[in-house]
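For what it's worth, our numbering labels the leading residue of the sequence shown as 42, then goes sequentially.
Working notes for the structure below.
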Amino acid sequence: MSTATTTATATTTTTPTTPTTPTTPTTTTTPIVNNACNLIDHRALYFSKHTTLKSLNHKIRYMGIIDKNLEQLKILNKYIFPIQYRDKVYNQILKNGPEMNIYILFNDIPVGICCCRLETQSSSTQPTTTTTSLQNNTENNTENTTTTNKLYIMLIGVLPKYRKLGLGNLIMNEKIEEWCKKFNVKTCYLHVQCTNESAIKFYEKYNFKIVKTLENYYENDNFGNEDACRDCYLMEKEY
Numbered sequence: 042m043s044t045a046t047t048t049a050t051a052t053t054t055t056t057p058t059t060p061t062t063p064t065t066p067t068t069t070t071t072p073i074v075n076n077a078c079n080l081i082d083h084r085a086l087y088f089s090k091h092t093t094l095k096s097l098n099h100k101i102r103y104m105g106i107i108d109k110n111l112e113q114l115k116i117l118n119k120y121i122f123p124i125q126y127r128d129k130v131y132n133q134i135l136k137n138g139p140e141m142n143i144y145i146l147f148n149d150i151p152v153g154i155c156c157c158r159l160e161t162q163s164s165s166t167q168p169t170t171t172t173t174s175l176q177n178n179t180e181n182n183t184e185n186t187t188t189t190n191k192l193y194i195m196l197i198g199v200l201p202k203y204r205k206l207g208l209g210n211l212i213m214n215e216k217i218e219e220w221c222k223k224f225n226v227k228t229c230y231l232h233v234q235c236t237n238e239s240a241i242k243f244y245e246k247y248n249f250k251i252v253k254t255l256e257n258y259y260e261n262d263n264f265g266n267e268d269a270c271r272d273c274y275l276m277e278k279e280y
């Protein structure tokens with residue numbers, strides 16, 4: 042599978058010579074960036090602090106996904122995932138906000154993504170009724186409401202060229218764990234194609250377990266291959 046790359050060409054400028062002393066022409070190299078593969082938006086507001094991979098000594102940063110750089114997400118998805126996502130997926134990511142929908146920047150180049158959604162579920166117990174014969178009245182107990190937070194991993198992936206560098210581990214150990222602690226998440230879950238063995242093993246490494254099989258979950262998704270598996274596993278991790 043091909044990956045997004047940044048290309049550069051050189052332009053040559055000649056230092057003018059003086060009338061009396063001939064000089065040798067010099068050249069300078071100016072990189073020309075292919076914007077289709079580089080950042081679309083550089084606003085510092087959406088950058089996190091630096092993180093360094095000890096074994097690589099490269100800068101790893103995160104940048105929030107917003108409307109101004111959404112095209113970058115579509116470009117990355119072409120190279121990372123087999124599915125061609127529809128517009129409603131991208132609209133949902135924008136609606137969820139940039140805090141938990143981020144680019145992974147490797148030396149300031151976006152090479153991966155992580156998109157999550159926080160879900161809040163409320164459950165309540167029915168009020169109990171107690172009749173006291175002495176006073177001949179009815180007392181209603183206060184209804185109890187319990188709120189539970191879940192984190193749904195919508196998208197997570199790294200360009201093939203940048204895999205095996207520990208970026209996936211960084212996302213799971215740093216960002217996913219950070220969000221789960223911050224929002225007191227009790228369950229983190231995701232869907233993964235049944236035939237995607239490498240992804241399944243990756244999630245199992247972080248204590249995700251297969252809960253059930255959902256047949257034809259990807260029935261309406263475009264894989265570009267009619268024979269692609271349409272079934273998925275629902276995987277969960279309890280906190």
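Heads up, the beta-carbon is just placed ideally off N, CA and C, and yes, glycines get one too.
Item, Value
"Glycine 105 - containing beta strand (DSSP E), residue span", "99-105"
"Meets three-Cβ-pair contact criterion under 8 Å: the stretch 250-260 and the stretch 201-221", "no"
"Lysine 227 versus Ile154, Leu114 and Ser163, residue with shortest Cα-Cα distance", "Ser163"
"Alpha-carbon spacing of tyrosine 247 relative to methionine 276, whole angstroms", "11 Å"
"Neighbour-count burial assignment, asparagine 142, 16 or more Cβ in a 10 Å radius", "buried"
"Nonlocal neighbours in the same chain, by C-beta distance under 6 Å from proline 123, ignoring five residues either side", "Phe264"
"Glutamate 267 versus valine 233: straight-line alpha-carbon distance, rounded", "18 Å"
"Assigned secondary structure, glycine 153 (DSSP; H/G/I helix, E/B strand, else coil)", "strand"
"N- and C-terminal bounds of the alpha helix (DSSP H) containing phenylalanine 147", "No alpha helix (DSSP H) contains phenylalanine 147, which is instead part of the beta strand (DSSP E) from 142-147."
"Outcome for proline 66 when other beta-carbon atoms lying within 10 angstroms are tallied against a minimum of 16", "Because proline 66 carries a pLDDT of 47, less than 50, the predicted location of this residue cannot be relied on, and the following value inherits that uncertainty. Under this definition proline 66 is an exposed residue."
"Residues bridged to glutamine 162 [DSSP beta-bridge criterion]", "Thr189"
"Cα-Cα separation, leucine 111 to asparagine 225", "29 Å"
"N-terminal and C-terminal residue of the beta strand (DSSP E) that leucine 117 is part of", "Looking at the DSSP string, leucine 117 is not in any beta strand (DSSP E); the run it does join, the alpha helix (DSSP H), is 111-121."
"For leucine 135 and threonine 70, the rounded distance between their alpha carbons", "For threonine 70, the pLDDT reaches just 39, beneath the cut-off of 50, and the residue's location in the model is therefore unreliable, leaving the point undetermined."
"Contacts around isoleucine 197, its chain only, beta-carbon distance under 6 Å, and the 5 residues preceding and following it disregarded", "Cys155"
"Glutamine 234 - containing beta strand (DSSP E), residue span", "226-234"
"C-beta contact flag for aspartate 272 and cysteine 235 at 8 Å", "yes"
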